[in-house]
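Residue numbers (our numbering): 371 to 675.
Every residue gets a Cβ at the ideal spot worked out from N, C-alpha and C, and that includes glycine.
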Amino acid sequence: MADSYYSSRKPQQQQYDRQIGDSDIMKTEFRRPRDILLSVVSEFHTICSARLADLTKKLRDLSSKSTELLDNKCHFRLAEVAHSLLKVAPYDPITMSCRGLQRYMNEVLPHSEWAQEAMRPALIMVLRRIEKTFSKIAKKPTIRRLTDWNAARSLLKGVYLTLYRHPYIVHLPHLKSLVSGCQSIILGDQSSFAESSTNLPSTASIMGQSPPPGFCSVVVRLIAMQMIALGETQSLESVCGGSSAYSSPEKIEMYLMNLILPLCIRISSSIKGTTILLPLKQLYQKLARNSLEPSLRTSVGPSTI
């Protein structure tokens, strides 16, 4: 009877293996041409940008002209290609880590001129999809477990470099929600997740585990850059989650170690961040005092800059 059971299971296993193989082939056929296209364009953009900067120093005519290597249509088509890969990225670590997508995010986006209104839709399209990608990582433990954190770090680094070179994009849609979502990931803030621990018993333990230091470092840099770009229009209270940050000693410790202290270190190393460094230090001192003396928790008021 056992032999008949295993013999009946064998065709099913073969069919399953064949389906898995077909799925991998389809993913490769979908990913490879898009990956190669983004790699080629990124290589072209990087080499030609360096050459153009060289020529601008030598030729006076070029220095007075605004020269773009890629026009609006090219940027929009490239954004569509990157969008298609980012749509698959949360479910496929290989797609998230593909070289073309990484190069596009770190070489093309930061070095394009996004001040032109006609080019903004391409950037907004990419930011919207990245925001959805990290939202899925934050909300779904199954996706979080499969995430390639090095690839995720590189994608966020591209967003950081773009914001660093073009601070005026800080008000674009989806950037604020992207930063908030990534902040929730490094804090393990379970209140922002859609799936409850009643449905998934392992959610609490999974969300409590911090991502690798490299990913957390880029998130802190992105938060700091956003604070510097927004200046006085954003309060530290809103960045730190308002009064919810003081709800328990455990949460205070989490905010201190994973967000406030890294932000202090990061912003203190930036000349641009000197205007918000003092309020940040004051908030750090209040939270640290609260963690030692819980009775003072109610004395922590909102801090503004």
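- Taking a C-beta distance under 8 Å as the contact criterion, M466 and A522 qualify as a contact pair.
- Under the DSSP assignment, M466 falls in the alpha helix (DSSP H) whose first and last residues are P463 to M466.
- For E450, the enclosing alpha helix (DSSP H) has its first and last residue at N442 to V458.
- For H544, the closest C-alpha among the options A485, P480, A594 and R490 is that of R490.
- D462 has its alpha-carbon roughly 18 Å from the corresponding atom of M475.
- With contacts defined as CB atoms closer than 8 Å, G584 and N520 qualify as a contacting pair.
- Pairing R404 with R636, the inter-Cα distance amounts to about 36 Å.
- Of the residues assessed, T398 falls on the exposed side of the cut-off, its CB having fewer than 16 other CB atoms within 10 angstroms.
- For T426, the secondary structure class from DSSP, reduced to helix, strand or coil, is helix.
- With at least 16 other beta carbons inside 10 angstroms of its own, F504 counts as buried.
- The region 441 to 454 and the region 486 to 501 touch, with three or more beta-carbon pairs separated by less than 8 Å.
- Taking each of M595, L471 and C468 in turn and checking the Cα distance to L531, the smallest one comes out for M595.
- One alpha carbon belongs to F400, the other to S580, and they sit about 32 Å apart.
- Per the coordinates, the alpha-carbon of S409 lies some 7 Å from the alpha-carbon of L471.
- Taking 8 Å as the upper bound for CB-CB distance, P632 and V590 are in contact here, some 4 Å apart.
- Taking the Cα of W484 as reference, the smallest distance to any Cα among R430, C468, L626 and R535 is reached at R535.
- Between L525 and I500, the C-beta gap is smaller than 8 Å, which places the two residues in contact.
- Exposed is the label assigned to I406, since fewer than 16 other Cβ atoms lie within 10 Å of its Cβ.
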